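What follows is a single structure, written as structure tokens, with notes after it.
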Amino acid sequence: DVWRGVLAWAKYAAGVTQPTTHWAEEERARVCQHLSGVINHVRLLLIDSQVFAEEVEPTGAVPMELSLERYRYAALPNKFRERSEDKRLQPRVSLKLFPGSQILIQEKTSYQRLLNQWYGSSKQVWRLVYRASSHGYSAEAFHRQCDGVAPTYVIVTGARGEVCGGFSDMPWGKTNTKGHYIPSDRAFLFTLTNNQDLPPTKYNIIKKPFAICYHPDCGPIFGAGADLLIASNCNTNMDSYSNLPHSYDGENASSSVLMGDYNFSVLDYEIFTPVGK
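Numbering (UniProt numbering), first residue to last: 1 to 277.
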């Protein structure tokens, strides 16, 4: 899980969107350059042998001596276990940057670091404000828990495993502006996992007056259009939608990149705000 998160980060940083098997040599070199500073911190000896052979080694980022040691460990695990004090053989302590999340768990845990990177504070811990499956999927439940709270991360997941969302430094709340839009120059949307085999990607605000929108009958709304709208009772209807790119844009932006289709239902979504805010 850590490896997949690290690789996703390196691909994003290198501007590479293709799967490993389709990399050109120049793309491979760019990814390896980003991985070179962190590869020794990945606990390669604990990675499943099939995953190592199919997903890790083909990147070309693992030095030969580490690859050989990995295969020796697979062949003689008992001998290596005698060196139990070796940190490379000890499982990592799970991340708790977004404690309480039921979306950023298991293989998605590593995305917590990426969200903090995008936020601009690597060690920030976040507090769960709202979870639709716990507090209720209605717009009323969302506004009761979240109005006036800022900054916030909205993290959305679909039935097919999609994970996307948005960040706003401005709170949802009643406003006198036309269309009830709230401006921001820091808001952004993002995809973490999608059905288009794209790496985690951030979509920055390009029409700043329309960053987020307050509507009492809807959940969170990002952008005019809207680029992302979560409907009331979004788990039982297909009224949620994404019209990206409109007020937000970025590489490979489309109306289907966030949740697979223009209209969609939501399995669950969570709202976090920084601890101490």
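C-beta atoms are modelled at their ideal positions from N, C-alpha and C, and glycine is treated no differently. This one's a predicted model, so the numbers in the text were calculated from it and none came from an experiment.
Using CA coordinates, which residue listed in Ser-256, Trp-172, Ala-14 and Val-51 is at the minimum distance from Val-163?
-> Ser-256
Mark Asn-187 as exposed unless 16 or more other C-beta atoms lie within 10 angstroms of its C-beta, in which case mark it buried.
-> Checking the sequence, you will find Ala at residue 187 rather than Asn. Its Cβ being crowded by 16 or more others within 10 Å, Ala-187 is buried.
Separation of Ser-240 from Leu-229, as counted between CA atoms = 5 Å
One or two residues paired with Glu-270 in a DSSP bridge | Arg-131 and Ile-155
Report all residues from its chain with a CB closer than 8 Å to the CB of His-180; omit the five preceding and five following residues, and keep chain order.
-> Lys-174, Cys-213, Tyr-214 and His-215
Run through DSSP, which three-state label would Ala-29 get?
-> helix
Following the continuous alpha helix (DSSP H) through Phe-142, name the residue where it begins and the one where it ends.
-> 139–146
Should Met-259 be labelled buried (16 or more other beta-carbon atoms within 10 Å of its own) or exposed?
-> buried
Would you call the CB atoms of Lys-108 and Thr-21 closer than 8 Å?
-> no
Whole angstroms is fine: what's the gap from Ile-205's alpha carbon to Phe-190's?
-> 11 Å
DSSP on Phe-188, reduced to helix/strand/coil?
-> strand
Rounded to whole angstroms, how far is the Cβ of Cys-218 from the Cβ of Ser-265, which I believe are closer than 8 Å?
-> Contact doesn't hold; Cβ gap of about 15 Å is too wide.
Taking the continuous alpha helix (DSSP H) assigned at Ala-231, which residues delimit it?
-> Taken as a continuous stretch (DSSP letters only), Ala-231 belongs to no alpha helix (DSSP H), being part of the beta strand (DSSP E) at 228–231.
So Pro-183 and Ala-226 are in contact, right, with Cβ under 8 Å, and what is the actual spacing, rounded?
-> At roughly 15 Å, the Cβ-Cβ gap does not stay under 8 Å, so Pro-183 and Ala-226 are not in contact.
Between Leu-45 and Phe-52, what straight-line distance do the alpha-carbon atoms span, to the nearest angstrom?
-> 9 Å
Taking Ala-8 and Val-31 to be in contact with their CB atoms under 8 Å, please state how far apart those CB atoms are, rounded to whole angstroms.
-> The Cβ separation is near 11 Å, so there is no contact.
Could you give the DSSP three-state label for Ser-101: helix, strand or coil?
-> coil
In the DSSP assignment, what residue or residues form a beta bridge with Cys-234?
-> Partner(s): none; Cys-234 has no beta bridge.
Should Ala-139 go down as buried or exposed, given a rule of 16 or more other Cβ atoms within 10 Å for buried?
-> buried
By how many angstroms is the C-alpha of Met-64 removed from the C-alpha of Glu-270?
-> 43 Å
Buried versus exposed, by CB contacts within 10 Å (16 or more), Pro-245 | buried
Does the beta-carbon of Gln-106 have 16 or more other beta-carbons within 10 angstroms, so that it is buried, or is it exposed?
-> exposed
Below 8 Å between beta carbons: does that hold for Val-42 and Trp-3?
-> yes
Candidates Glu-251, Tyr-262 and Arg-144: closest to Pro-220 by CA position | Arg-144
Mind reading off the beta-carbon distance from Ile-47 to Leu-104? Whole number of angstroms is fine, and I expect it under 8 Å.
-> Contact doesn't hold; Cβ gap of about 21 Å is too wide.
Backbone secondary structure at Ser-121 - three-state DSSP = coil
Measure from the alpha carbon of Arg-160 to the alpha carbon of each residue in Phe-98, Val-62, Gly-5 and Leu-267, then state which is nearest.
-> Leu-267
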